[in-house]
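Student: My questions all concern the structure below.
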Ligand SMILES: Cc1cc2nc3c(=O)[nH]c(=O)nc-3n(C[C@H](O)[C@H](O)[C@H](O)COP(=O)(O)OP(=O)(O)OC[C@H]3O[C@@H](n4cnc5c(N)ncnc54)[C@H](O)[C@@H]3O)c2cc1C
Ligand code: SF4
Ligand code: FES
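As structure tokens, then:
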């Protein structure tokens, strides 16, 4: 039995153990791993997720039990302090000695802290370990309490620095990035793309300071500022240093291993150091005179070292190491691959730039125009995976390479299909999984879906960037095997929403049980399929939510929005946001009478909170008597059409945005859709109604309206796209009828128009062909279906209060007229709110 | 808060001492629920017509202690009847009260019997 000692239990040290124990012959070795950190190896690449989750366990590469089960001895919280190469022994900081036959150095690196005066001050942090983050969180919390507008700076505008900048923003501090070089991400981006990125980051609230050399950190005990030149200072309350990494080669130096001038243990392509019994892998290893600060090459090194020790001498590191990277910042796409910058002598660059959309794409193509050498994507990196594959595998590129980055006019992709990739194409570079392995896992029956592929190949478990491609490959392979990709809405139906739509329409079903008994899997339904089918039947049969109320979603069931203590909020419709003083007074009187918390909503309506189930019909009776109707704020249906005041009053207005907004809101009120729908109408291009952030938006221009579709605010903001220009009111309605109906027919459950449109094969161009050119020959049907919905509109609250049978629903108890006695309200700025949850 | 939970204890059929006459069968929606008040307790009662069965459980959701379960949607999880809380869609078995999609506490369940189109719920006191 031979002994291997691994120094360092980081990502790569762990990966070595994992690779080693999975090989034949590993049983003849005993592995002992030393880690200086208190916990087992964790996923440093996703360290920033700790800010949100604060769950260290979730980041673990493997639980402690994994090491035990695999016969690996893990000793954490114990640093190796000395190596005696002659006796093949190591000593730890706790003065314990251990012998080895092979030593694997996986000590990684530590953040480089430049020797600036004052860096030792309180409030200065580095960004590498969970403990670092805990320290930052505690400090930020303290700052947030003491100071309303505390600021934090990040020293370094590289990949990691920008990630840290986003973290600062999320911690609620004002973020500043200070970079020495004249551009951001100097290692990955050229000047122009870096400029575009800078503007994009500034637009989300990051302050960027370039070409700044920091002389001094100011402050007594704690940091109060940074000094660049004499009169050039930045006041900050916290600083995160992210100025590069330094390999942790102190042990290696002390025992006389060959190290590079700027650090790192020198290794050959077998990962062997200058001592035959010692290997070095990961961020400590200096290979080809380079330290690779990425996890994927580290994993490859772990694999090579494991195989070499087991006697497989053919396994060596390749000469060329792929340094392509994609920034994980949420909301900003940045990626570079291959050779991002390239001298003109080697090839041509094709550059596409659109500063108004913070978009920059560059590809570098060989002189003969046949192969892709590298590129940069800022603002939209959705094609990164495919471009990266084309580059890695030397795949053929179109005759006009510009097609690779320009939006294709026919909506078709210039790339072809994932299935065109060669089998040896590396899809997941973190775990070195090839296309062939992924397809094989499905073909030999090991996996039947994406989750299965991920668990048996490990693809996608590293940085996760390849997930979309793994999904596409899995689905394509399943399809080629004739296996239907299951996309049923839940365990009760194998059908998807679109199929259910057609079936209900053709068979004219009117109850949930009919659909379930004829097309379900024999169960009794659940909270996923019931509301879905309720919504489909409402659309197809032009019904309200009062039909079969027990299958309606929480809110639809009681025609109100359930709030945190089980009371409801009430939102009457105020079309286009136009309301008379009398109606406004009525709302106020009613709110006062029932003691409701009152607030103007984001959709410019008035929301009355805190109504009990028993009160709902009483409140609605009064609202209806004052001419109000349901606002459908509770439904997956049209919410509001927000309008600016337009030419009625505004001196810039080109058209009557209010009048048109009211007309549209009244037209589409009450229709049930896959998700909520919002609209906006602005009277001119100043866009005061923020119409482009809505599912449909109109902007008045010279000669008519510009119609935009598929916009969204919320978690994934997206501007609506221009569907048609300078059209009149009648054409707007025609196109909108078609658009909305097409969306309602084909979207997935709970998919907003933005997500639907984004995933629509063929994109906007296809949409135009369907809606405007009637490529599918369906527009007449779409318009007819919408017109039926419009004609059959009925206010469901008026319906409910006039039907004693329906009214039975609005009572907290079946056997008593009492209200819920469990409700507790507390005061809040002259109004009331529910007692907070603990 | 937890005091609320203490008032609800799963009651087995053999331990029932009181059959409380709650309401008429028609007062409950088909394949849905409503809430019954009994001596300061709130009990959610469900008419699971597809199974031909009735179920009763505490109305309070152990997740955030709100009196809402009777307003939840019922259905089944691989055959086991369940209710989904309307607030955050935690689901609970109607047979034994267990939380099916998480690890929060189980809810208390009660026996139900139907006689002459009237719904009775069984309590120990
Ligand atoms: C915030 C952040 C984001 C990142 N994002 C990405 C990304 O998107 N993509 C990417 O490819 N890479 C990313 N990286 C880099 C990536 O995390 C590293 O390349 C990787 O962790 C290197 O692994 P390693 O095992 O070589 O070093 P480490 O993970 O640093 O592990 C070394 C371990 O050895 C321990 N150690 C050191 N000396 C001793 C000793 N004498 N005795 C005992 N133990 C010792 C250290 O405490 C440490 O736990 C990121 C890094 C950070 C910090
Ligand atoms: S969008 Fe134009 S018309 Fe409407 S309020 Fe603003 S400036 Fe006036
Ligand atoms: S209160 Fe029931 S799931 Fe949250």
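Protein chains in written order, with my numbering: chain A, 1 to 838; chain B, 1 to 125. Heads up, the beta-carbon is just placed ideally off N, CA and C, and yes, glycines get one too.
(1) So, for residue 115 of chain B: in the same chain, excluding its five sequence neighbours on each side, which residues have a beta-carbon less than 6 Å away from its beta-carbon?
(2) Less than 8 Å between CB atoms is the rule here; does residue 103 of chain B satisfy it with respect to chain A?
(3) Does any CB atom of chain A fall closer than 8 Å to the CB of residue 28 of chain B?
(4) Once DSSP output is grouped into helix, strand and coil, what is the label at residue 399 of chain A?
(5) Roughly how many angstroms separate the alpha carbons of residue 139 of chain A and residue 403 of chain A, rounded to a whole number?
(6) Determine whether the Cβ of residue 818 of chain A lies closer than 8 Å to any Cβ atom of chain B.
(7) Going by other Cβ atoms of all chains shown within 10 Å of its Cβ, with 16 needed for buried, is residue 450 of chain A buried or exposed?
(8) Put residue 51 of chain A into one of helix, strand or coil per three-state DSSP.
(9) With a threshold of 8 Å between beta-carbons, can residue 22 of chain B be considered close to chain A, or not?
(10) Is the distance from the Cβ of residue 262 of chain A to the Cβ of residue 109 of chain A below 8 Å?
(11) Is there a C-beta anywhere in chain A that falls below 8 Å from the one on residue 6 of chain B?
(12) Please name the residue, chosen from A:513, A:546 and A:241, that lies closest to residue 153 of chain A on a Cα-to-Cα basis.
(13) From the DSSP output, in three-state form, read off residue 51 of chain B for me.
(14) Quick check on residue 439 of chain A: does DSSP put it in helix, strand or coil?
(15) Answer with yes or no whether the minimum CB distance from residue 117 of chain B to chain A is below 8 Å.
(16) Nearest chain B C-beta to residue 912 of chain A closer than 8 Å, yes or no?
(17) Below 6 Å CB to CB, which residues in the same chain sit around residue 128 of chain A once its five sequence neighbours on both sides are set aside?
(18) What do you reckon, is the C-beta of residue 109 of chain A under 7 Å from a heavy atom of ligand 1?
(19) Would you kindly report the start and end of the unbroken alpha helix (DSSP H) that includes residue 512 of chain A?
(20) Comparing C-alpha positions only, which one of A:83, A:231 and A:278 sits nearest to residue 255 of chain A?
(21) Please report whether the beta-carbon of residue 557 of chain A lies at a distance below 8 Å from any beta-carbon of chain B.
(22) Would you say residue 113 of chain B reaches chain A, if we count a Cβ-Cβ gap shorter than 8 Å as a contact?
(23) Tell me which residues share the same chain as residue 236 of chain A and place their Cβ nearer than 8 Å to its Cβ, disregarding the 5 neighbours each side in the sequence.
(24) Under the three-state reduction of DSSP, which class applies to residue 411 of chain A: helix, strand or coil?
(25) Taking C-beta to C-beta, are residue 164 of chain A and residue 51 of chain A nearer than 8 Å?
(26) Under 8 Å, with one C-beta from each stretch per pair, do the stretch 273–291 of chain A and the stretch 191–207 of chain A reach the 3-pair mark?
(27) Take residue 566 of chain A as the anchor and find which of B:77, B:95 and B:59 has the nearest alpha-carbon.
(28) Between residue 542 of chain A and the rest of its own chain, which residues show a CB-CB distance below 7 Å, the 5 nearest in sequence each way excluded?
(29) The beta strand (DSSP E) spanning residue 866 of chain A covers which residue range?
(30) Out of B:51, B:19, B:110 and B:11, state which residue places its alpha-carbon closest to the alpha-carbon of residue 45 of chain B.
(31) Is there a Cβ of chain B sitting closer than 8 Å to that of residue 813 of chain A, yes or no?
(32) Quick one: using the 10 Å Cβ neighbour count with 16 as the cut-off for buried, is residue 785 of chain A buried or exposed?
(33) Determine the direct distance from the alpha carbon of residue 56 of chain B to that of residue 831 of chain A, and round the result to whole angstroms.
(34) Using a Cβ-based criterion (distance less than 7 Å to any ligand heavy atom), does residue 248 of chain A qualify as near ligand 1?
(35) Measure the alpha-carbon distance for residue 605 of chain A versus residue 173 of chain A and round it to whole angstroms.
(36) Give a single yes or no on whether residue 87 of chain B has its beta carbon closer than 7 Å to a heavy atom of ligand 3.
Tutor: Reading off the structure:
(1) Non-local beta-carbon contacts of residue 115 of chain B in its own chain, meaning distances under 6 Å to residues more than five positions away in sequence, are absent.
(2) The beta carbon of residue 103 of chain B sits no closer than 8 Å to any beta carbon of chain A.
(3) Yes - at least one Cβ of chain A is within 8 Å of the one on residue 28 of chain B.
(4) The three-state secondary structure of residue 399 of chain A, taken from DSSP, is coil.
(5) Their Cα atoms are separated by approximately 49 Å.
(6) By this cut-off, residue 818 of chain A is an interface position.
(7) Residue 450 of chain A comes out buried.
(8) In the structure shown, residue 51 of chain A sits in a helix (DSSP, three-state: H, G or I).
(9) Interface residue, yes.
(10) Contact flag unset, no.
(11) No, its Cβ sits nowhere closer than 8 Å to a Cβ of chain A.
(12) With respect to the C-alpha of residue 153 of chain A, the residue from A:513, A:546 and A:241 having the closest C-alpha is A:241.
(13) It is coil, neither helix nor strand.
(14) The answer is helix: DSSP assigns residue 439 of chain A an H, G or I state.
(15) Residue contact with chain A for residue 117 of chain B: absent (no Cβ-Cβ distance below 8 Å to any residue of chain A).
(16) No statement about residue 912 of chain A is possible, as the shown extent of chain A runs from 1 to 838 and does not include it.
(17) Cβ neighbours of residue 128 of chain A beyond the five flanking positions: 111.
(18) Yes, the beta carbon of residue 109 of chain A sits closer than 7 Å to at least one heavy atom of ligand 1.
(19) Unbroken alpha helix (DSSP H) run through residue 512 of chain A: 512–519.
(20) Ranking A:83, A:231 and A:278 by CA distance to the CA of residue 255 of chain A puts A:83 first.
(21) With 8 Å as the cut-off, residue 557 of chain A counts as an interface residue toward chain B.
(22) No - not a single Cβ of chain A is within 8 Å of the one on residue 113 of chain B.
(23) Excluding sequence neighbours, residue 236 of chain A sits near 151, 152, 153, 176, 223, 224, 225 and 226.
(24) With a pLDDT of only 41 at residue 411 of chain A, under the threshold of 50, the placement of this residue in the model should not be trusted, and no figure is reported.
(25) Not in contact: residue 164 of chain A and residue 51 of chain A (Cβ atoms no closer than 8 Å).
(26) Taking 8 Å as the limit for Cβ pairs, the verdict is that the stretch 191–207 of chain A does not touch the stretch 273–291 of chain A.
(27) Considering only alpha carbons, the answer is B:59.
(28) The answer, listed in chain order, is 788, 789 and 792.
(29) As displayed, chain A neither begins before 1 nor continues past 838, which places residue 866 of chain A out of reach and without an answer.
(30) Measuring C-alpha to C-alpha distances from residue 45 of chain B to each of B:51, B:19, B:110 and B:11 identifies B:110 as the nearest.
(31) Cβ-Cβ to chain B under 8 Å: yes for residue 813 of chain A.
(32) Looking at its Cβ environment, which holds 16 or more other Cβ atoms inside 10 Å, residue 785 of chain A is buried.
(33) Going by C-alpha positions, residue 831 of chain A is about 37 Å away from residue 56 of chain B.
(34) Residue 248 of chain A: yes, Cβ under 7 Å from ligand 1.
(35) Whole-angstrom Cα-Cα distance: 32 Å.
(36) Residue 87 of chain B: yes, Cβ under 7 Å from ligand 3.
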